[in-house]
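For the sequence shown, my numbering begins at -16 and goes up steadily by one.
The C-beta atom is built at its ideal place from N, Cα and C for all residues, glycine as well.
Read through the structure below, which is laid out as structure tokens, and then see the notes.
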Amino acid sequence: MSWSKTGALSLLKIKETVINGEWDNWWETERERNIKVSKYKPPLPAACFKKETESSPLIEVTIPAFIGPDQDKPWVGVLRKLTEVGYY
């Protein structure tokens, strides 16, 4: 068994009506009317989500641990190394 595109979209419209809590109202007042199905829109390709975003080539921030009372702790040294340009 296979579905036509129109039939599948109609079933999805019914499911949408049920999920939105509008089924009882629709069933009582509009069940004799045809369900209006909008034009099918194909899903977006994966390439749309892989577009590079514009960002600064170098982001400058201050890390309080570098100038605070813990600046001589070993973990601050690790942070300092991780924040160097070209570390990874």
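Whether residue i touches residue j by CB criterion (7 angstroms)
| i | j | result |
| --- | --- | --- |
| Ala48 | Val59 | yes |
| Lys(-12) | Val20 | no |
Contacts around residue i, its chain only, beta-carbon distance under 7 angstroms, and the 5 residues preceding and following it disregarded
| i | result |
| --- | --- |
| Trp9 | Thr0 |
Bounding residues of the alpha helix (DSSP H) (the contiguous stretch that carries residue i)
| i | result |
| --- | --- |
| Arg63 | 57 to 65 |
| Thr(-11) | -12 to 2 |
| Thr12 | 6 to 12 |
| Ile50 | 47 to 50 |
Alpha-carbon to alpha-carbon, residue j and residue i
| i | j | result |
| --- | --- | --- |
| Lys64 | Leu(-8) | 55 angstroms |
| Trp6 | Lys22 | 22 angstroms |
| Thr12 | Asn3 | 16 angstroms |
| Asp55 | Glu35 | 38 angstroms |
| Glu43 | Pro52 | 22 angstroms |
Same chain, Cβ closer than 8 angstroms to residue i, five either side skipped, listed in chain order
| i | result |
| --- | --- |
| Leu(-6) | Trp(-14) |
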